[in-house]
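With our numbering, you'll find the sequence shown wraps up at 381, consecutive numbering, no jumps. Cβ coordinates follow ideal geometry from the N, Cα and C atoms, glycine included. These numbers come from a predicted model, not from an experiment. Here the structure is laid out as structure tokens; the discussion comes afterwards.
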Amino acid sequence: MRKTTATALLATALLLAGCSGSGDGDKAAVPEQPDSSIAPKSSSLTADLVLPIEGYIFSESELGLMTNAMSSLAQRCMKRSGFDYRPDDTQSPDIGVMDRRYGIANSRTAEAYGYHFPTPEAGESATKALGEAGRVALAGKPLADGSFDPDGGCIGEAKRRLAGKEAEFGPDKAARELNMESYVRSKKDPRVLAVFRTWSSCMAAKGYRYASPMEAIDDPEFGAEKTGPAEISTARADVECKEKTGLVRAWFDVESEWQRTEIEKKAEELARIKRHKTDQLKRAAAEMGESR
90 MRKTTATALL ATALLLAGCS GSGDGDKAAV PEQPDSSIAP KSSSLTADLV
140 LPIEGYIFSE SELGLMTNAM SSLAQRCMKR SGFDYRPDDT QSPDIGVMDR
190 RYGIANSRTA EAYGYHFPTP EAGESATKAL GEAGRVALAG KPLADGSFDP
240 DGGCIGEAKR RLAGKEAEFG PDKAARELNM ESYVRSKKDP RVLAVFRTWS
290 SCMAAKGYRY ASPMEAIDDP EFGAEKTGPA EISTARADVE CKEKTGLVRA
340 WFDVESEWQR TEIEKKAEEL ARIKRHKTDQ LKRAAAEMGE SR
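Next comes the structure, spelled out in structure tokens:
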């Protein structure tokens with residue numbers, strides 16, 4: 090499966106953080122994640138980049154805590170309903186959203202996977218083994234389109250408990266929208282467009298003709314299920330040209346500038362959002378027997 094541009098990515102993730110760390114107030118409380126052999130952060134051009142909005146949404150570590158707490162709560166709920174449920178045994182690759190926010194930026198994943206997602210190690214599907222009644226207990230009755238209700242069943246119950254009374258589970262809508270808008274606006278900024286041209290010239294010198302990193306990552310030629318040699322060579326050149334031209338840092342600086350301005354304008358609202366985030370993490374930590 091290919092990982093497309095950050096716009097599509099940000100729109101589809103449940104608890105999308107758009108980050109590789111947390112804000113100043115939370116950084117010390119979040120343990121560092123191991124450098125995954127699948128997607129090592131040490132080989133990523135975004136390894137040390139932290140957007141200003143990240144203190145108001147969720148880092149990978151925080152997302153992991155929320156997911157584990159939700160699974161634990163859902164498991165107990167299922168047991169009360171008479172089902173022996175355990176979360177799917179799947180090892181997800183350690184890929185942060187920042188790793189692809191500005192297109193592919195990790196030399197190791199480019200070498201191994203091109204523009205595709207690293208393939209997680211699939212384990213036994215506990216959800217499939219539940220049967221129809223168990224799946225309804227877990228996620229509620231299917232919606233009209235056949236999908237499960239995100240607020241239904243034991244999963245919905247777990248999310249409501251972690252979110253608090255009449256509150257939104259995960260990062261608040263306003264913070265998510267600011268995170269999305271900053272990306273969309275920044276890629277149209279004249280300073281970013283200028284570095285796109287420099288990157289494009291670098292790619293052309295290597296034999297690849299793309300006007301922007303988004304055009305490269307969304308090339309229909311790389312839409313096959315498996316990664317081919319041409320895709321890998323293109324992705325490698327992409328990362329090399331990003332490093333040579335300083336594209337990632339330049340784009341990050343422009344986006345950070347816009348975010349800081351908006352955060353200052355919406356200081357009161359974002360302070361409330363940060364409190365809600367902290368409250369959710371405290372509930373999740375309590376569920377997992379951790380202190381926070």
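message = Alpha carbons only, please: which of Pro207, Leu152, Asp261 and Gly171 is nearest the one belonging to leucine 359?
response = As a working note, residue 359 is residue 270 in the sequence shown. Selected option, being the one with the closest Cα: Asp261.
message = Out of Ala374, His365 and Arg372, which one is the CA nearest neighbour of glycine 144?
response = Indexing the sequence shown from 1 puts residue 144 at position 55. The residue with the shortest Cα to Cα distance from glycine 144 is His365.
task = Identify every run of the alpha helix (DSSP H) within the segment 272–358, keeping only runs that are complete inside it and at least 4 residues long; order them along the chain.
result = 279–294, 302–306, 318–334 and 336–354
ask   = Under three-state DSSP, which class holds glutamate 149?
value = The residue given as residue 149 occupies position 60 in the sequence shown. DSSP, read as helix, strand or coil, puts glutamate 149 in helix.
inquiry  = Considering just the uninterrupted stretch of the alpha helix (DSSP H) at threonine 248, what are its terminal residues?
reply    = Here residue 248 refers to the residue found at position 159 when the sequence shown is read from its first residue. Note on identity: in this sequence residue 248 is lysine, with threonine being the wrong assignment. Start and end: 242–252.
ask   = Taking the alpha-carbon positions, what's the lysine 333 to methionine 292 distance?
value = Taking the first residue of the sequence shown as 1, we reach residue 333 at position 244. Taking the first residue of the sequence shown as 1, we reach residue 292 at position 203. Lysine 333 and methionine 292: Cα-Cα distance of roughly 11 Å.
query = Going straight from the alpha carbon of proline 176 to that of lysine 295, what length do you get?
reply = Sequence index remark: in the sequence shown, residue 176 carries index 87 (1-based). Sequence index remark: in the sequence shown, residue 295 carries index 206 (1-based). Rounded to the nearest angstrom, the two C-alpha atoms are 46 Å apart.
key: Under 7 Å between C-beta atoms of valine 343 and serine 275   = Counting from 1 along the sequence shown, the entry for residue 343 is found at position 254. Counting from 1 along the sequence shown, the entry for residue 275 is found at position 186. Remark: C-beta atoms of valine 343 and serine 275 approach each other more closely than 7 Å.
ask   = Counting Cβ pairs closer than 8 Å, one from the segment 243–261 and one from the segment 197–208, do we hit at least three?
value = no
request  = Determine, using beta carbons only, whether glutamate 149 and leucine 370 come nearer to each other than 7 Å.
outcome  = Residue 149 sits at position 60 when you count from the first residue of the sequence shown. Residue 370 sits at position 281 when you count from the first residue of the sequence shown. No, the Cβ-Cβ distance between glutamate 149 and leucine 370 is not below 7 Å.
inquiry  = Quick check: the Cα distance between glycine 317 and glycine 203, rounded to an integer number of angstroms?
reply    = If you number the sequence shown from 1, residue 317 lands on position 228. If you number the sequence shown from 1, residue 203 lands on position 114. Taking the straight line joining both Cα atoms gives about 8 Å.
ask   = With C-beta atoms as the reference, is alanine 226 less than 7 Å away from serine 161?
value = Numbered from 1 along the sequence shown, position 137 holds the residue referred to as residue 226. Numbered from 1 along the sequence shown, position 72 holds the residue referred to as residue 161. No; because the gap between Cβ atoms is not below 7 Å, this pair is not in contact.
ask   = In the DSSP assignment, what residue or residues form a beta bridge with glycine 229?
value = Here residue 229 corresponds to residue number 140 of the sequence shown, with the count starting at 1. In the DSSP output, where bridge partners are listed per residue, glycine 229 has none listed.
query = When the Cα of glycine 253 is compared with those of Pro141, Asp137 and Arg372, which residue comes out closest?
reply = Working through the sequence shown from its first residue, we reach residue 253 at position 164. Closest by alpha carbon: Arg372.
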